[in-house]
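**Student:**
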Amino acid sequence: MDAETSVFRPVPRTGVIYVMTRAAELGFHYGHPDWANLGQGAPETGPLPGSLPRIERIELDARTDEYGPVGGIRELREAVAHLYNTRFRKGMASQYTADNVAISPGGRAGLTRIAAALGPVNLGHLLPDYTAYEELLDIFKAFVPLPVVTEQQEGFALTTDQLRKEIVGRGLGALLLSNPCNPTGHVVRGGALRAWVELCRKHGVALILDEFYAHYLYGEVLRADGPALSAARYVEDVDHDPVVIVDGLTKNWRYPGWRLSWTVGPKWLIERLASAGSFLDGGPAHPLQRAAVPLLDPARADTEARAIQQAFSAKRDLVVERLRSMGMGVDVVPNGAFYVFASLDDLPEPLRDGMAFFEAALRRNVVVVPGEFFDINPGKRRSHIPSRLKSHVRISFGPSIDAVQLGLDRLDELIRTT
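Position 120 (the sequence shown) corresponds to 122 in the numbering used here; numbering is contiguous.
#1: Just grab the DSSP bridge partners of Asp249 for me.
#2: Applying the criterion that 16 or more other CB atoms from any shown protein chain within 10 Å of the CB defines a buried residue, is Ala309 buried or exposed?
#3: Determine which residues share a DSSP beta bridge with His127 and list them.
#4: Fully enclosed by the segment 19-61, which alpha helix (DSSP H) runs are 4 residues long or longer?
#5: Look at the alpha carbon of Phe423 and the alpha carbon of Leu125, and state the distance between them as a whole number of angstroms.
#6: Is it a yes or a no for the segment 240-251 touching the segment 206-215, going by three-plus beta-carbon pairs under 8 angstroms?
#7: If you pair each beta-carbon of the segment 106-121 with each one of the segment 275-288, do three or more pairs fall below 8 angstroms?
#8: With a cut-off of 8 angstroms, do at least 3 Cβ pairs link the segment 142-159 to the segment 181-196?
#9: Flag this pair as yes or no: are the beta carbons of Leu282 and Arg115 separated by less than 8 angstroms?
#10: Quick one: Cα of Ala307 to Cα of Gln291, how far?
#11: Does the Cβ-Cβ distance between Leu231 and Arg191 come in under 8 angstroms?
#12: In three-state terms, what does DSSP make of Ser345?
#13: Considering Cα atoms alone, identify which of Val371, Gly41, Arg24 is closest to Val406.
#14: In angstroms with no decimal places, state the Cα-to-Cα distance between Leu165 and Leu85.
#15: Helix, strand or coil: how does DSSP classify His394 here?
#16: Using a Cβ distance threshold of 8 angstroms, determine whether the segment 388-406 contacts the segment 355-372, with at least three qualifying pairs required.
#17: Does DSSP classify Gly285 as helix, strand or coil?
#18: Hey, is the segment 93-102 in contact with the segment 144-156, meaning 3+ C-beta pairs nearer than 8 angstroms?
#19: Closest by CA to Val21, which one among Ala362, Arg418, Lys382?
#20: Looking at the secondary structure, which residues open and close the alpha helix (DSSP H) in which Ser327 lies?
#21: Consult DSSP for Gly171 and reduce its assignment to one of helix, strand or coil.
#22: How is Gly338 classed by DSSP in three states: helix, strand or coil?
#23: Alpha carbon to alpha carbon, how far is Ala233 from Pro203? Give it in angstroms, no decimals.
#24: Counting only the same chain and skipping the five closest in sequence on each side, list residues whose C-beta sits under 7 angstroms from that of Tyr341.
#25: Could you please give me the residues that DSSP links to Lys104 through a beta bridge?
#26: So Ser345 packs on Gly331, CB below 8 angstroms; how close in whole Å?
#27: By the three-class DSSP mapping on this structure, what secondary structure does Ala230 have?
#28: How should Thr419 be labelled, buried or exposed, when 16 other C-beta atoms within 10 angstroms of its C-beta is the threshold for buried?
#29: In three-state DSSP terms, what is Leu120?
#30: Could you give the residue range of the beta strand (DSSP E) that holds Leu211?
#31: Run through DSSP, which three-state label would Leu160 get?
#32: What are the boundary residues of the alpha helix (DSSP H) that includes Arg418?
#33: Please classify Ser280 as buried or exposed, where buried requires at least 16 neighbouring CB atoms within 10 angstroms.
#34: My understanding is that Thr133 touches Gly17, with C-beta atoms under 8 angstroms, so please give their C-beta distance in whole angstroms.
#35: Could you check where the alpha helix (DSSP H) with Asn87 kicks off and where it finishes?
#36: Assign Gly48 to buried or exposed, taking buried as 16 or more other Cβ atoms, counted over all protein chains shown, within 10 Å of its Cβ.
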């Protein structure tokens, strides 16, 4: 028996990992001065105007040489619960406690624990959305992933009435989405978010929200919801409402290398996620958890959020203006996250395809992500249908302003000389 073909299955890379691997083949590496990584899925990690000093040293304690609890140390779980209660649940009778929080070694691990705990239900997932969901939604066979399509001409938004029809008509038992959305920057907020929570409560649908961009808010959304956005604001009973929130240090605190996330939800679910973690990942790093506790102080977290919003609002405006001046379509100005999901329909013919644009940009030492990677397709069940997102690319303004400027200048030159 050939083990390569008969024992182990092929394991695909997520879209962004494919992009970065392809760039590395052409000489890219992180920190390379002559590359502009506008495919970057992480924010710049250095100081920002108005931000507090970054953590540069972690003091180790002999106690942290031991394994920590799979569900996370109690001090960090209490800090997470306190942050959510302070930000979103003042004056409400039902409050989160440490028992409503599980800590995981990164966002993917947190989402994987949730997927492993899901039963035999139909799980709706929005299109477009985060590339890593594709393999995650295929590897566990207990549930059936069903796509819920959002349309470009509607700003990639889904109304509450449309969601109701999806839940009732397709028998959804769970719904997964990033909010703010990666890659479109669309935000479900205010009355709409409240209505989604109420709808899922009424129908017993688990609303699983990836809120990793909750600090990245702009314009009217920032004025209405700042300094942070969360469905936790609309939960009535923290131990009854089927609302599950995943967040972490990666984006909102700009510590992607720490690989530390948390899940907030009903106690009974948190217990099951810890059980899943016991065989999936073994739990998060003990020393990093202790070092992270001060970062969750509400005043400190709000200061970081405001610094992010000031710096990234300026970068967002720059990218939108420059892309439009190049002839790229920005039908939806992002209200959240740090990406612009740009249309290539009006560019010269060789550049109207996202994969072709990606390859052409690589030859200019610029990284972008083809839009079709966000047309997540677990199990490749839609193999006969070409992606409707082939003429899009995701442009990140996560890097520093200098890197963003460099990348935009080179894309401008690429388009002008094609």
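Yeah, the Cβ is synthetic: ideal placement off N, Cα and C, and Gly gets one too.
**Tutor:** Let me lay it out:
#1: If you number the sequence shown from 1, residue 249 lands on position 247. Asp249 is bridged to Trp264.
#2: Working through the sequence shown from its first residue, we reach residue 309 at position 307. Buried, by the Cβ-count rule.
#3: As a working mapping, residue 127 is identified with position 125 in the sequence shown. Answer is Pro149, Leu178.
#4: none
#5: Outside the modelled stretch of the chain, which goes from 3 to 420, sits residue 423, for which no answer is possible.
#6: yes
#7: yes
#8: yes
#9: As a position in the sequence shown, residue 282 is number 280, starting the count at 1. As a position in the sequence shown, residue 115 is number 113, starting the count at 1. Yes, Cβ-Cβ distance for Leu282 and Arg115 is below 8 angstroms.
#10: As a position in the sequence shown, residue 307 is number 305, starting the count at 1. As a position in the sequence shown, residue 291 is number 289, starting the count at 1. Whole-angstrom Cα-Cα distance: 20 angstroms.
#11: Position 229 of the sequence shown holds residue 231. Position 189 of the sequence shown holds residue 191. Going by C-beta atoms, Leu231 is nearer than 8 angstroms to Arg191.
#12: The residue given as residue 345 occupies position 343 in the sequence shown. If DSSP states are grouped into helix, strand and coil, Ser345 belongs with the strands.
#13: The count along the sequence shown starts at 1 and reaches residue 406 at position 404. Residue Gly41 is the option with its Cα nearest to Val406.
#14: Residue numbering aside, residue 165 sits at position 163 when the sequence shown is read from its first letter. Residue numbering aside, residue 85 sits at position 83 when the sequence shown is read from its first letter. Straight-line Cα distance between these residues: approximately 30 angstroms.
#15: Within the sequence shown, the letter at position 392 stands for residue 394. Reduced to three states, the DSSP call for His394 is strand.
#16: yes
#17: Locating residue 285 in the sequence shown gives position 283, counting from the first residue. The answer is coil: DSSP assigns Gly285 none of H, G, I, E or B.
#18: no
#19: Counting from one through the sequence shown, the residue named residue 21 turns up at place 19. The shortest C-alpha separation from Val21 is found at Ala362.
#20: Sequence index remark: in the sequence shown, residue 327 carries index 325 (1-based). Where Ser327 is concerned, the enclosing alpha helix (DSSP H) stretches over 300-327.
#21: In the sequence shown, counting from the first residue as 1, residue 171 sits at position 169. Helix.
#22: By 1-based counting over the sequence shown, the position of residue 338 is 336. Three-state DSSP puts Gly338 in a strand.
#23: Stepping through the sequence shown from its first residue, residue 203 is reached at position 201. Stepping through the sequence shown from its first residue, residue 233 is reached at position 231. A small correction: the amino acid at residue 203 is Arg; Pro does not occupy that position in the sequence shown. Going from the Cα of Arg203 to the Cα of Ala233 covers about 12 angstroms.
#24: Residue 341 sits at position 339 when you count from the first residue of the sequence shown. Counting only Cβ-Cβ distances below 7 angstroms, and skipping sequence neighbours, we find Asn184, Pro185, Gly187, Arg396, Ile397, Ser398.
#25: Counted from its first residue, the sequence shown places residue 104 at position 102. Contrary to the premise, residue 104 reads as Ala rather than Lys in this sequence. According to DSSP, which records beta bridges pairwise, Ala104 is partnered with Thr265.
#26: As a first step, residue 345 is located in the sequence shown; it is residue number 343 there, counting from the start. As a first step, residue 331 is located in the sequence shown; it is residue number 329 there, counting from the start. That belief holds up - the Cβ atoms of Ser345 and Gly331 are roughly 3 angstroms apart, short of 8 angstroms.
#27: Here residue 230 refers to the residue found at position 228 of the sequence shown. Coil.
#28: Numbered from 1 along the sequence shown, position 417 holds the residue referred to as residue 419. That one is exposed.
#29: The residue given as residue 120 occupies position 118 in the sequence shown. In the structure shown, Leu120 sits in coil (DSSP, three-state: anything other than H, G, I, E or B).
#30: To locate residue 211, count along the sequence shown from 1; it is residue 209. Per DSSP, Leu211 belongs to the beta strand (DSSP E) from 208-212.
#31: Reading the sequence shown from its first residue, position 158 is the one you call residue 160. In the structure shown, Leu160 sits in coil (DSSP, three-state: anything other than H, G, I, E or B).
#32: Position 416 of the sequence shown holds residue 418. Element bounds for Arg418: 403-418.
#33: To locate residue 280, count along the sequence shown from 1; it is residue 278. So Ser280 counts as exposed.
#34: Your numbering for residue 133 matches position 131 in the sequence shown. Your numbering for residue 17 matches position 15 in the sequence shown. Yes, they are in contact, since the Cβ atoms of Thr133 and Gly17 sit about 4 angstroms apart, within 8 angstroms.
#35: Locating residue 87 in the sequence shown gives position 85, counting from the first residue. Note, Asn87: alpha helix (DSSP H), 76-90.
#36: Within the sequence shown, numbered from 1, the residue matching residue 48 stands at position 46. Classification for Gly48: exposed.
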